[in-house]
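Visitor: Chains as they are written, first to last, in my numbering: chain A, 215 to 455; chain B, 215 to 455; chain C, 215 to 455.
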Amino acid sequence: MSTYVLVHGAWHTGRELAPVAALIEAAGHQVFTPTIKGNGAGDAKTVGLAEAIESIADSVLENDLEDVVLAGHSYGGMVITGVADELPDRIRRLVYWNAFVPNSGESLVDMLPPELARLFESMAAERRDGSIVLPFPIWREAFINDADLDTAQRAYRALNPHPIRTLTDKISLKRNPAEMALGKSYLNCTDDTSMPHQYPWHPRLSQKLGLFRLVQVPGSHELCFSNPARLARALMDAGRD
Amino acid sequence: MSTYVLVHGAWHTGRELAPVAALIEAAGHQVFTPTIKGNGAGDAKTVGLAEAIESIADSVLENDLEDVVLAGHSYGGMVITGVADELPDRIRRLVYWNAFVPNSGESLVDMLPPELARLFESMAAERRDGSIVLPFPIWREAFINDADLDTAQRAYRALNPHPIRTLTDKISLKRNPAEMALGKSYLNCTDDTSMPHQYPWHPRLSQKLGLFRLVQVPGSHELCFSNPARLARALMDAGRD
Amino acid sequence: MSTYVLVHGAWHTGRELAPVAALIEAAGHQVFTPTIKGNGAGDAKTVGLAEAIESIADSVLENDLEDVVLAGHSYGGMVITGVADELPDRIRRLVYWNAFVPNSGESLVDMLPPELARLFESMAAERRDGSIVLPFPIWREAFINDADLDTAQRAYRALNPHPIRTLTDKISLKRNPAEMALGKSYLNCTDDTSMPHQYPWHPRLSQKLGLFRLVQVPGSHELCFSNPARLARALMDAGRD
Numbered sequence: 215m216s217t218y219v220l221v222h223g224a225w226h227t228g229r230e231l232a233p234v235a236a237l238i239e240a241a242g243h244q245v246f247t248p249t250i251k252g253n254g255a256g257d258a259k260t261v262g263l264a265e266a267i268e269s270i271a272d273s274v275l276e277n278d279l280e281d282v283v284l285a286g287h288s289y290g291g292m293v294i295t296g297v298a299d300e301l302p303d304r305i306r307r308l309v310y311w312n313a314f315v316p317n318s319g320e321s322l323v324d325m326l327p328p329e330l331a332r333l334f335e336s337m338a339a340e341r342r343d344g345s346i347v348l349p350f351p352i353w354r355e356a357f358i359n360d361a362d363l364d365t366a367q368r369a370y371r372a373l374n375p376h377p378i379r380t381l382t383d384k385i386s387l388k389r390n391p392a393e394m395a396l397g398k399s400y401l402n403c404t405d406d407t408s409m410p411h412q413y414p415w416h417p418r419l420s421q422k423l424g425l426f427r428l429v430q431v432p433g434s435h436e437l438c439f440s441n442p443a444r445l446a447r448a449l450m451d452a453g454r455d
Numbered sequence: 215m216s217t218y219v220l221v222h223g224a225w226h227t228g229r230e231l232a233p234v235a236a237l238i239e240a241a242g243h244q245v246f247t248p249t250i251k252g253n254g255a256g257d258a259k260t261v262g263l264a265e266a267i268e269s270i271a272d273s274v275l276e277n278d279l280e281d282v283v284l285a286g287h288s289y290g291g292m293v294i295t296g297v298a299d300e301l302p303d304r305i306r307r308l309v310y311w312n313a314f315v316p317n318s319g320e321s322l323v324d325m326l327p328p329e330l331a332r333l334f335e336s337m338a339a340e341r342r343d344g345s346i347v348l349p350f351p352i353w354r355e356a357f358i359n360d361a362d363l364d365t366a367q368r369a370y371r372a373l374n375p376h377p378i379r380t381l382t383d384k385i386s387l388k389r390n391p392a393e394m395a396l397g398k399s400y401l402n403c404t405d406d407t408s409m410p411h412q413y414p415w416h417p418r419l420s421q422k423l424g425l426f427r428l429v430q431v432p433g434s435h436e437l438c439f440s441n442p443a444r445l446a447r448a449l450m451d452a453g454r455d
Numbered sequence: 215m216s217t218y219v220l221v222h223g224a225w226h227t228g229r230e231l232a233p234v235a236a237l238i239e240a241a242g243h244q245v246f247t248p249t250i251k252g253n254g255a256g257d258a259k260t261v262g263l264a265e266a267i268e269s270i271a272d273s274v275l276e277n278d279l280e281d282v283v284l285a286g287h288s289y290g291g292m293v294i295t296g297v298a299d300e301l302p303d304r305i306r307r308l309v310y311w312n313a314f315v316p317n318s319g320e321s322l323v324d325m326l327p328p329e330l331a332r333l334f335e336s337m338a339a340e341r342r343d344g345s346i347v348l349p350f351p352i353w354r355e356a357f358i359n360d361a362d363l364d365t366a367q368r369a370y371r372a373l374n375p376h377p378i379r380t381l382t383d384k385i386s387l388k389r390n391p392a393e394m395a396l397g398k399s400y401l402n403c404t405d406d407t408s409m410p411h412q413y414p415w416h417p418r419l420s421q422k423l424g425l426f427r428l429v430q431v432p433g434s435h436e437l438c439f440s441n442p443a444r445l446a447r448a449l450m451d452a453g454r455d
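Here it is in C-alpha cells:
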C-alpha cells in the first residue's frame with residue numbers, strides 16, 4: 215500500500231494518466247495525478263520551471279502526502295527532482311520514466327541532442343506566445359511509434375501547448391540527484407525514440423542518479439496511451455521497495 | 215488494406231518470404247515478394263547493384279503498384295532505397311528491416327565493420343565466379359542464433375550464392391534517404407548479430423533516415439525462418455500509417 | 215540430451231542453481247552444479263583464481279564428463295574460461311551468462327568500471343579476512359532489480375563472503391577465448407545493471423569471444439532467483455548445437 219504521485223510530461227496534463235492511475239489503484243495503492251502549472255486549462259504559457267515545480271510541491275503538501283513514490287515522465291523528471299530537493303522527507307522513492315535527470319544548473323534543453331534543441335527554439339520563435347506545439351509527424355513517428363494511427367490521433371488531440379520557459383530555465387538544487395538519500399528507479403521504455411537512440415535516455419541520463427534500479431519494458435515514449443496496463447505494472451515494479 | 219512489396223536480403227530469394235507474405239495477406243493486405251536479379255534460379259552472378267535495383271523497380275511498374283509499403287531486409291535496404299529514388303510517387307512508406315541505409319555514393323560494403331568487409335573480400339577471392347557463400351558456422355551462430363539446429367540447416371539449404379558486385383557497387387541517388395518525402399520505418403530485431411552489436415544496425419544506420427518510426431522485436435537476423443508470425447506482425451506495425 | 219555444468223557467480227554456491235538445474239533436467243539433460251572452491255561451507259577465503267578453476271576442472275574429471283556445455287555466471291566466466299583452456303577436449307560449448315570473458319593476463323577486476331573496482335577494494339580493506347560482502351542496497355537495486363523485496367531478501371541470505379583473490383588474480387591461458395575451437399554463446403539479461411549499462415556486459419565483453427551466439431532475455435543479473443524457468447529456457451537455447 216503505497217502513495218503514488220504521477221507527474222506528466224510536456225504537452226500533457228494529469229488527466230491523460232487517469233487510466234494508468236486506475237490500474238495502480240486497483241492493485242491497492244493511492245494515486246494522485248496533478249497537472250503541472252502551465253499545462254492546466256487557462257494557465258498562462260509564460261510559466262517558468264520554478265513555478266512548475268512549486269505547483270507539484272504544493273499539491274504534495276496540500277494533500278499532506280508522506281512516503282510518496284514520486285514518478286515523473288519526460289519533462290516531469292525536472293519537476294520531481296525539484297520537488298524531492300524541496301521536500302526530501304516526504305518522498306520515499308523517485309521514479310524517472312523516460313525522464314530528464316538534471317543536476318543543479320541544468321535546463322531540460324541542455325540535455326537535448328543539438329538538433330532537437332534547435333527544433334524547440336525554432337518552434338518557440340514561430341508561435342511567439344511562450345509556448346511550443348509538437349508537430350503531428352514527429353509525434354506519430356518518434357513519440358508514439360508503437361500505437362495505431364487512431365490512438366496516435368486521439369492522443370494528439372489531448373495535448374496542450376507547452377510553456378517553453380519550463381524547458382529552458384536552469385534548475386537550482388541543494389543536492390544533485392546522485393546525492394539524494396532516497397530510493398531511485400529509472401523506467402526505460404526500450405522503443406522510445408523521442409530521444410534518438412544515439413543520444414539515449416538510458417544510460418546517458420539514468421547514470422546521473424547514482425545507485426538506481428532499472429526497469430525496462432517494450433514501448434514508445436507514450437506508453438500511457440499505447441499500453442496503460444504495461445505501464446502501470448512497470449511503475450509498480452519501479453516503485454516498490 | 216495496403217500493398218506490401220517485401221524485398222529479400224543477400225543469399226535469399228522472394229520464396230523464403232512466402233510464409234510471412236501469407237500472414238500479411240491473411241490480415242487483408244496485398245503482398246508481393248519478387249526475387250532480385252542475381253538471386254533467381256539461373257541468374258548470372260555478375261549482376262551489379264543498378265541491375266538489381268532495376269529488377270525490383272520493373273516489378274513495381276509491371277504490376278502497376280501504387281501507394282506501396284516497400285520493405286527491404288538487410289541488402290534489400292540498398293535495393294528499396296534505389297527503387298524509392300526512382301519511383302517516389304509509387305511509394306507510401308519504406309520499411310528497413312535490419313537493412314542497410316545508403317547515402318548516394320555508398321556501397322553496402324562501406325557500411326560493414328572492417329573485419330566483415332575483409333571476410334567478404336576473401337570469400338569472393340576464393341570462389342572467383344563473382345559470388346560469395348556464407349559459411350554455415352557464421353550463419354548458425356550470428357545470423358540465425360534464435361532457431362534450433364534443424365531450422366538453421368533447413369534455411370541454409372534454401373540460400374543461393376550472392377553476386378558480390380551488388381555489395382561493392384556504389385549506389386547513385388538523386389536524394390539521400392533523409393531527404394525523401396516518404397514515410398520511413400526501421401524494424402530492428404534486437405538479437406540480430408549479423409552486424410556485431412559494437413557496430414549495430416540501429417541506431418548507426420537507422421539514423422540516416424531522418425525522421426523515422428522504430429519498431430523493435432526480439433529475434434535474430436533471420437526472423438523470417440525462426441518466427442514468421444512475429445515478423446509479419448512487426449512489418450505491419452512498421453508499415454501502417 | 216546434453217551434459218550441462220552450471221558454474222555460479224561470486225557470493226553464490228551451486229545450491230542456488232538447483233531450481234534451474236531441475237528444469238533443464240526435466241527437458242532431458244544431465245546437469246551438474248558444483249560449488250567453486252572458496253565459496254563452499256568452511257572453505258578458506260584466501261583461495262585464489264587458479265585453485266578456483268582447478269576445483270571445477272576436478273569436478274569435470276571426477277565425474278568423467280564429456281561433450282560438456284559449460285556455463286558460467288558472472289565471475290563464473292573466469293572459471294569456465296580456465297577450465298576450457300585446460301580441458302578443451304571435454305567441452306562442447308561455453309555459455310557465458312552475463313559473465314566475464316578474460317584474455318590471458320587479465321583479472322576480473324581489470325574488466326570492472328573504475329568505480330566498481332574501487333568499491334571492491336574498499337570492501338576488501340574493511341573486512342581484512344580476504345573476503346568481500348555485497349551491501350544489500352547494491353544487491354537490491356543493481357543486481358536483483360526485477361524481483362520483489364521478499365525474493366531479494368531471501369536470495370541475499372543465501373550469499374556467502376567471496377574470496378577477493380579470485381577477483382584480483384590474473385588468469386593464465388594457453389589460448390584466449392576467441393582462439394578456442396569450441397562453440398561459444400553469450401546469454402545477456404537485458405536489465406542486468408550489475409555492470410552499469412555505459413560499461414555493459416554485451417557487447418563490451420562478449421566481443422572477446424570471436425564468433426559467438428547471442429541469446430538475450432529480459433531480466434536482472436540474478437534471473438536464477440527472479441525467473442528460473444526463463445533462465446533454464448535461455449541456457450538451453452544458448453547451449454544447444
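All C-beta atoms in this analysis are idealised placements derived from N, C-alpha and C, irrespective of residue type, glycine included.
#1: Between P302 of chain A and the rest of its own chain, which residues show a CB-CB distance below 7 Å, the 5 nearest in sequence each way excluded?
#2: Quick one: is E276 of chain A near chain B, going by C-beta distance under 7 Å?
#3: With DSSP as the reference, please indicate the residues paired to A271 of chain A in a beta bridge.
#4: What would DSSP say about S345 of chain C, mapped onto helix, strand or coil?
#5: Mind listing which residues of the segment 418-431 of chain B have their C-beta closer than 9 Å to chain A's C-betas, in chain order?
#6: What number of angstroms, rounded off, separates the C-alpha of P233 of chain C from the C-alpha of F246 of chain C?
#7: Rounded to whole angstroms, how far is the Cβ of S434 of chain C from the Cβ of F350 of chain C, which I believe are closer than 8 Å?
#8: Whole angstroms are fine: how far does the CA of V274 of chain B sit from the CA of R304 of chain B?
#9: Label A298 of chain A either buried or exposed according to how many other C-beta atoms from any shown protein chain fall within 10 Å of its C-beta, with 16 as the threshold for buried.
#10: Please report the straight-line C-alpha distance between A240 of chain B and V431 of chain B, rounded to a whole angstrom.
#11: Using the Cα positions of P442 of chain C and E265 of chain C, report the straight-line distance between them to the nearest angstrom.
#12: Counting only the same chain and skipping the five closest in sequence on each side, list residues whose C-beta sits under 6 Å from that of L284 of chain B.
#13: Assuming S386 of chain B and S288 of chain B make a contact with CB atoms under 8 Å, what is their CB distance in whole Å?
#14: Quick one: is D360 of chain C near chain B, going by C-beta distance under 7 Å?
#15: Tell me, please, whether the segment 420-431 of chain A touches the segment 369-381 of chain A by the rule of three or more beta-carbon pairs shorter than 8 Å.
#16: Please confirm whether L322 of chain B and L381 of chain B have their CB atoms less than 7 Å apart.
#17: Please report whether the beta-carbon of Q412 of chain B lies at a distance below 7 Å from any beta-carbon of chain C.
#18: Compile a chain-ordered list of the residues in the segment 382-405 of chain B whose CB is closer than 9 Å to at least one CB of chain C.
#19: Taking Cβ to Cβ, would you say S269 of chain A is nearer than 7 Å to I250 of chain A?
#20: Grouping DSSP H, G and I as helix and E and B as strand, with all else coil, what is I238 of chain A?
#21: Per DSSP, which residues does F246 of chain B bridge with? Please list them.
#22: Can you tell me the Cα-Cα spacing of N359 of chain A and Y310 of chain C, whole angstroms?
#23: Whose C-alpha, out of A:R444, A:D343, A:L419, is nearest the C-alpha of I378 of chain A?
#24: Would DSSP call R444 of chain B helix, strand or coil?
#25: Please work out which residues of its chain come closer than 7 Å, Cβ to Cβ, to G413 of chain B, disregarding the five sequence neighbours upstream and downstream, and give them in chain order.
#26: Any beta-carbon of chain D closer than 7 Å to the one on D455 of chain C?
#27: Since P410 of chain A and Q421 of chain B should fall inside the 8 Å C-beta cutoff, what is the C-beta to C-beta distance between them, to a whole number of angstroms?
#28: For a cutoff of 7 Å on Cβ pairs, would you count T407 of chain B as touching chain C?
#29: Would you say L401 of chain A touches the ligand FAD, meaning its beta carbon is less than 6 Å from a heavy atom?
#30: Pick from C:G291, C:E300, C:S216: whose alpha carbon is nearest that of E280 of chain C?
#31: What did DSSP end up calling Q421 of chain A once you bin it into helix, strand or coil?
#32: Could you please give the first and the last residue of the uninterrupted alpha helix (DSSP H) stretch that includes L363 of chain A?
#33: For V221 of chain B versus G290 of chain B, is the C-beta distance shorter than 7 Å?
#34: Pick helix, strand or coil for L415 of chain A, following the three-state DSSP scheme.
#35: At the 7 Å Cβ level, is L326 of chain A part of the contact set with chain B, yes or no?
#36: Could you name the residues of chain B that H243 of chain C contacts, counting a contact when the two beta carbons are closer than 8 Å?
Guide: Working from what's here:
#1: M394, L396
#2: With 7 Å as the cut-off, E276 of chain A does not count as an interface residue toward chain B.
#3: In the DSSP output, where bridge partners are listed per residue, A271 of chain A has none listed.
#4: Of the three classes helix, strand and coil, the one that applies to S345 of chain C here is strand, per DSSP.
#5: Of all residues in the segment 418-431 of chain B, R418, S420, Q421, L425, F426, R427, L428, V429, Q430, V431 have a Cβ within less than 9 Å of some Cβ in chain A.
#6: 12 Å
#7: Not confirmed; about 15 Å, so no contact.
#8: 8 Å
#9: buried
#10: 21 Å
#11: 29 Å
#12: V219, I294, I305, L308
#13: Not quite, the Cβ-Cβ distance comes to about 20 Å (not below 8 Å), so this is no contact.
#14: no
#15: No, they do not touch.
#16: yes
#17: yes
#18: Answer set for the segment 382-405 of chain B: T404, D405.
#19: yes
#20: helix
#21: B:V219
#22: 34 Å
#23: A:D343
#24: In the structure shown, R444 of chain B falls within a helical segment according to DSSP collapsed to helix, strand and coil.
#25: Rather than Gly, the amino acid found at residue 413 of chain B in this sequence is Tyr. Answer for Y413 of chain B: P327, listed in chain order.
#26: In the structure shown, chain D cannot be found, because the protein chains are A, B and C.
#27: 6 Å
#28: yes
#29: Looking at this structure, you won't find the ligand FAD or any other ligand, since it has none at all.
#30: C:S216
#31: helix
#32: Run containing L363 of chain A: 363-371, per the alpha helix (DSSP H) assignment.
#33: In contact: V221 of chain B and G290 of chain B (Cβ atoms closer than 7 Å).
#34: It is Trp, not Leu, that sits at residue 415 of chain A in the sequence shown. Secondary structure of W415 of chain A (DSSP, three-state): coil.
#35: With 7 Å as the cut-off, L326 of chain A does not count as an interface residue toward chain B.
#36: Here the premise fails: no neighbours, minimum Cβ distance about 15 Å.
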